Amino acid sequence: MLTPPDERPPVLVARDLVKEYARGRAVDGVSLTVRAGERLGLLGPNGAGKTTTLLMSLGAVEPDAGSVEILGHRLPGDRARAMQGVGFVAGYLPLPDRVRVSEYLRLYADLYGLRDPHAAVSEALERFGIGHLAAAIGTQLSSGQRTLVGIAKAALHRPRLMILDEPTASLDPDIALRVRTALLALSAERGTALLVTSHDMTEVERLCGRVVFLHGGRIAADGTPEDVARTFGRDDLEGVFLHLAAERDKDRERERAATA
695 MLTPPDERPP VLVARDLVKE YARGRAVDGV SLTVRAGERL GLLGPNGAGK
745 TTTLLMSLGA VEPDAGSVEI LGHRLPGDRA RAMQGVGFVA GYLPLPDRVR
795 VSEYLRLYAD LYGLRDPHAA VSEALERFGI GHLAAAIGTQ LSSGQRTLVG
845 IAKAALHRPR LMILDEPTAS LDPDIALRVR TALLALSAER GTALLVTSHD
895 MTEVERLCGR VVFLHGGRIA ADGTPEDVAR TFGRDDLEGV FLHLAAERDK
945 DRERERAATA
């Protein structure tokens, strides 16, 4: 019997997050709960606060107010223990130029302290369809192949939460499909929760069962892709994104006029 989504244990709980910079408040009272097996898209136009929220959720940036717990561990004090259950993926993270893919994955398997690192690497190469790249070095990989290797690395230790920053940015459609298929399989087979940021709304609709839109550092919408689009009177998430981007531009114009 399947457990209802809202009864699954939380893997990430962020409460009333606030972060202020010299230019203003980037995040203003954001609260998020991500549950086991959930696939959540954290969305919004540039300047909405999603990157800062993501960094606070990782413990890479400390909030001015509010709190973050991952798998019951409070950040930043228990960050080292919390991160043992987290995998992080970003398309912009580099791979070593002169290290073979198999060696790179083996290094992380050893760092994670896996009992059988060889078996873990072999499984990752097969799961993500990159076995033919095992002997390749970083300079020989395309951007899509690098992303697949990054996901394989982040999934080696079977994390309960994967945080993915623009995982399919600039990828060809066939590679984006492979990335999405691999992530959906991880969520279905292992119950891995996914927290994803992306500017590709079509990709989000295919991957995520729930989306949260930020606007001006606050939550503007939270629900299924269909419900959020309906709330804004739009056909899809791209329509919502464009609407909020236009509202952001209007806000900036008003601010400029007020200080002129």
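Add 694 to a position in the sequence shown, counting from 1, and you land on the number used in this note's numbering.
Cβ atoms here follow ideal geometry from the backbone N, Cα and C, with glycine treated the same way.
Bear in mind the structure is a predicted one, so any value in this text is a computation, not a measurement.
Residue i in three-state terms, based on DSSP
i, result
"His767", "strand"
"Ser816", "helix"
"Glu732", "coil"
"Val793", "coil"
"Leu827", "helix"
"Pro811", "helix"
"Glu714", "strand"
"Pro788", "coil"
"Val783", "strand"
"Ala952", "helix"
"Gly844", "helix"
Element boundaries [beta strand (DSSP E), containing residue i]
i, result
"Ile857", "855 to 859"
Pair within 8 Å by beta-carbon distance, residue i and residue j
i, j, result
"Val843", "Leu835", "yes"
"Thr746", "Ala784", "no"
"Ala846", "Ile824", "yes"
"Ala814", "Leu850", "yes"
"Arg948", "Asp722", "no"
"Ala876", "Arg840", "no"
"Glu941", "Pro919", "no"
Identity of the residue in the options nearest residue i by Cα
i, options, result
"Ala730", "Val705, Arg792, Val724", "Val705"
"Glu732", "Gly766, Arg924, Ser881, Ala914", "Ser881"
"Gly885", "Pro853, Glu897, Arg874", "Pro853"
"Ser816", "Phe926, Leu888, Ala828, Arg792", "Ala828"
Point to revise | Sequence ranges, beta strand (DSSP E) only - wholly within the stretch 877 to 905, length at least 3 | key: Complete beta strand (DSSP E) runs here, min 3: 887 to 891.
**Study point:** Ordered list of beta strand (DSSP E) runs contained in the stretch 910 to 950, each at least 3 residues
**Key:** If we require 3 residues or more, the beta strand (DSSP E) runs fully inside the stretch 910 to 950 come out as 912 to 917.
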